[in-house]
Structures are given as structure tokens and as C-alpha cells.
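Encoded as C-alpha cells, the structure appears first; notes follow it.
In this note's numbering, the protein residues as written are 8 to 137.
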């Protein structure tokens with residue numbers, strides 16, 4: 008599982024803290040995936056997905072407001088990436104989760120972790136010039 012590393016810091020305290028929270032949510036999802044004592048993980052998966060949705064919307068709004076406040080020139084293309092992520096998360100089929108909980112949770116985690124990592128390192132780092 009991926010965890011927060013200093014290389015993910017963009018230098019804006021509030022945004023870095025929010026990114027850390029996203030990693031923390033992903034870590035809890037990973038812990039649930041690896042929990043061999045729970046045979047039915049459906050409720051836990053749904054709870055984590057709801058938290059991820061809510062927190063991601065909050066974070067993206069904050070980050071977009073920050074971008075507008077500093078006149079970030081790539082704001083619109085960055086917002087489109089955020090909107091695409093939200094659309095993907097909202098399209099998760101909860102019935103499919105129930106059919107194969109661990110397999111589907113692993114697919115979701117793989118998508119989320121890769122997206123967060125690539126987005127922070129490839130896009131968010133551009134918001135604040137070095």
C-alpha cells in the first residue's frame with residue numbers, strides 16, 4: 008500500500024494535510040481488505056467509499072478555490088480531472104462489490120491510490136512553483 012511521503016508535499020499546508028487524509032482513508036480501506044477475520048466486508052467498504060466521496064469533494068473544492076485565488080492558469084483542465092475522478096467514484100456499482108468484496112475493493116484501491124499518487128506528483132505539484 009502507498010503511504011504519505013514528503014515527496015507528495017506541494018508546500019501548501021492545508022492541501023498537504025488534506026492529501027494526507029486521503030492517504031489515511033486509503034490505508035483504512037487496505038486494512039479492511041487485509042482483515043482476514045471479517046468475512047463480510049460490505050458495510051465497511053460502503054462506509055469507506057462514502058467517506059472517500061465526501062472528503063474528495065471537500066478537498067477538490069478547497070484546492071480549486073486555492074487555484075482560483077492565486078490565478079492558476081491551468082485551473083479548468085485541473086478541475087476536469089477532479090470532476091472525472093468524482094464521476095468514476097460515483098459510478099462504483101455497490102451490487103458488484105457484494106458479489107466479490109475483496110476483489111472489487113482491491114480494484115477500487117488500485118485505481119484510487121494510483122490516481123492520487125499520479126495526480127499529486129504530476130498535477131498538484133504544478134500549482135505552486137518550486
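C-beta atoms are modelled at their ideal positions from N, C-alpha and C, and glycine is treated no differently.
Which residues in the same chain as residue 133 place their Cβ atom closer than 8 Å to its Cβ, once the five residues preceding and following it in sequence are excluded? 81
Taking three-plus beta-carbon pairs below 8 Å as touching, is the stretch 10 to 29 in contact with the stretch 94 to 108? no
Of the residues 136, 9, 14, which one's Cα is nearest the Cα of residue 79? 136
For residue 73, three-class secondary structure by DSSP: helix
Between 93, 88, 73, which has its C-alpha nearest residue 21's C-alpha? 73
Length of the line joining the Cα atoms of residue 127 and residue 109: 27 Å
Using three-state DSSP, classify residue 10 as helix, strand or coil. coil
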